[in-house]
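Everything on this sheet refers to the single structure shown next.
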Amino acid sequence: MSSIIVKGSNKLEGEISIQGSKNSILPILAATILCKGECVIHSCPKLSDVEVSIKILNYLGCTVEREEDTLIINTNNINRYDIPNDLMREMRSSIVFLGSIISRFKKARLSFPGGCELGPRPIDIHLKSLRQMGIDIIENHGILECEACDGLIATKLSLSFPSVGATENVMLAAVNARGTTIITNCAREPEICDLADYLNKCGAKICGAGEGTIIIEGVKELHGTEHKVIPDRIVASTFMSAVGAVGGDVVLKNVVPHHFESVSSVFKEAGAMLKVKNDSIRIKVPQQLNSISTIRTTPYPGFPTDAQALLMAVMSVSKGTTVFIENIFENRYKHVGELLKLGANINVEGRVAVVKGKKRLSGAFVEAYDLRGSASLLIAGLAADGVTEISDTSYIDRGYENIENMLNSIGGLVKRI
Ligand code: EPZ
3 MSSIIVKGSN KLEGEISIQG SKNSILPILA ATILCKGECV IHSCPKLSDV
53 EVSIKILNYL GCTVEREEDT LIINTNNINR YDIPNDLMRE MRSSIVFLGS
103 IISRFKKARL SFPGGCELGP RPIDIHLKSL RQMGIDIIEN HGILECEACD
153 GLIATKLSLS FPSVGATENV MLAAVNARGT TIITNCAREP EICDLADYLN
203 KCGAKICGAG EGTIIIEGVK ELHGTEHKVI PDRIVASTFM SAVGAVGGDV
253 VLKNVVPHHF ESVSSVFKEA GAMLKVKNDS IRIKVPQQLN SISTIRTTPY
303 PGFPTDAQAL LMAVMSVSKG TTVFIENIFE NRYKHVGELL KLGANINVEG
353 RVAVVKGKKR LSGAFVEAYD LRGSASLLIA GLAADGVTEI SDTSYIDRGY
403 ENIENMLNSI GGLVKRI
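The working numbering runs 2 ahead of the 1-based position in the sequence shown.
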């Protein structure tokens, strides 16, 4: 198992191009199951989660070829409607294959998904919604046996929480359902819009993505298409956080600035200087940032839970005290214990974490427990005197394409051993 070594670095300078969005490509890969013919997806990052999705598609009988950052998928010979437990357990978003498999085969068999331990990650909203669409779902011994004997029925659904995955699953189940499906209180993330754009290019009739209500008029069949995935707003937020922690002047290219407006506005408030263009954002941090009184995570367009750990590393070396309130996941402070080993001053009470900033941290051996927590430790290591070793790169490789090369290209001192 490899680990990452990062030396406390001085200012980061230069420019980097941001990879395609992990949380956009994953549901789109599941959606290719609905399309007759070839799908060509551009800007697809090389990530372990993407590899798992490709393994699932191959297991189902689809062909997937990669040419650089383009994937060519053909599902014409798909011949299975089950996903084995070992593949399901490898990542949380495997559950989103349920909507597309059940839509194509009217039956599906898969187990409860795995993924980062961010607290209990139930799928009750997924299952309740799909049952309302006429799908019988029997759960026994951790396996979901699903069948839609009379096909999928369009209906009006209201999600009890704007779950990203549940919204995606319902969209995938509804595009070929008979009639019009209306989803209220749905997720509004940019990745939802990207999935809707992709499906509409394949012949679906979806409107309202990005707002609180999505309307889907069922169509008979979807065809293949060509699509470029949106840039990854959380990866962009990660590099913005790295500059925020150590200072410098970096241009992030291939971004959609308004996709992470809630994050960049925090940096502006903390004293960073931002220059926003339509597909790039320049961040200058001349000296130690000021703290932010309170950071609350909320569904999009609010401050994203995926950036909470990233900002916590930054606020650990800011002037003053920041209060974090994590409202989305129950257990998303696993990085705190490791940040304390680097000398951070953080107190956690339930969903609240109080961070007292200090000038510098000091390098140490730390453990990774989840994807964004690992990125948080990497950012903190950049802002620490001496050397920091982060165990187990498997988490960070789920969401970042060769993060060490990217950081080194702007002056970081990071290597994998
Ligand atoms: C997606 O996860 C993202 N993953 C997560 O990013 C992201 O943190 C999350 O959305 C919130 O934005 C992908 O897109 C692959 P949810 P998802 O369903 O769909 C509860 C990363 O770092 N819930 O919106 O699993 C759930 O427990 C990852 O890239 C239910 O209670 O998130 C959580 O507390 C981490 N029942 C909250 O809702 C359900 O049926 C949000 O979950 C579904 C969810």
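From the three backbone atoms N, C-alpha and C, an ideal C-beta is built for every residue, glycine too. Everything numeric in this text was worked out from a predicted model, so none of it was measured.
Restricting attention to 144, 60, 106, the CA atom closest to the CA of residue 137 is found in 106. Of the candidates 263, 351, 343, 343 places its Cα closest to the Cα of residue 392. When Cβ pairs closer than 8 angstroms are counted between the two stretches, the region 244–262 is seen to touch the region 313–326, the count reaching three or more.
If only complete runs of 3 or more residues are kept, the region 242–328 shows the beta strand (DSSP E) at 250–255, 275–278, 282–287, 296–298, 323–327, in order along the chain.
Apart from the 5 residues on each side of it in sequence, residue 71 sits with its Cβ closer than 6 angstroms to the Cβ of 45, 46 in its chain, given in chain order. No Cβ-Cβ contact shorter than 8 angstroms links residue 395 with residue 368. For residue 343, the enclosing alpha helix (DSSP H) stretches over residues 336–343.
Distance from residue 49 to residue 401 at the Cβ level is roughly 6 angstroms; contact confirmed, criterion being Cβ atoms closer than 8 angstroms. Within 7 angstroms of the C-beta of residue 237 there is not a single heavy atom belonging to the ligand EPZ. Residue pairing by DSSP places residue 28 opposite no residue, since no beta bridge is assigned to it. Residue 201 is bridged by DSSP to nothing; it lacks a bridge partner.
For residue 17 against residue 257, the beta-carbon gap comes to about 11 angstroms, at or over 8 angstroms, which does not count as contact. Residue 124 is not bridged by DSSP to any residue. In the same chain as residue 225, and ignoring 5 residues on each side of it, the C-beta atoms closer than 7 angstroms to its own belong to 37, 38, 39, 204, 205, in chain order.
In this structure residue 324 does not touch residue 282 by the C-beta definition: roughly 27 angstroms separates them, more than the 8 angstroms allowed. The Cβ-Cβ distance between residue 115 and residue 133 does not fall below 8 angstroms.
Closest in alpha carbon position to residue 96, among 108, 104, 82, 113, is 113. Non-local C-beta neighbours of residue 321 in its own chain, meaning closer than 8 angstroms and more than five positions away in sequence, comprise 290, 291, 292, 293, 359, ordered along the chain. Residue range 50–62 is occupied by the alpha helix (DSSP H) that includes residue 57.
Contact between the region 258–278 and the region 63–80 is absent, with fewer than three C-beta pairs closer than 8 angstroms.
The closest heavy atom of the ligand EPZ lies 7 angstroms or more from the beta carbon of residue 92. If you ignore the 5 residues before and after residue 348, its C-beta comes within less than 8 angstroms of the C-beta of 314, 318, 338, 341, 342, 355, 356, 357, 358, all in its own chain and listed in chain order. Under the DSSP definition of a beta bridge, residue 22 partners with 233.
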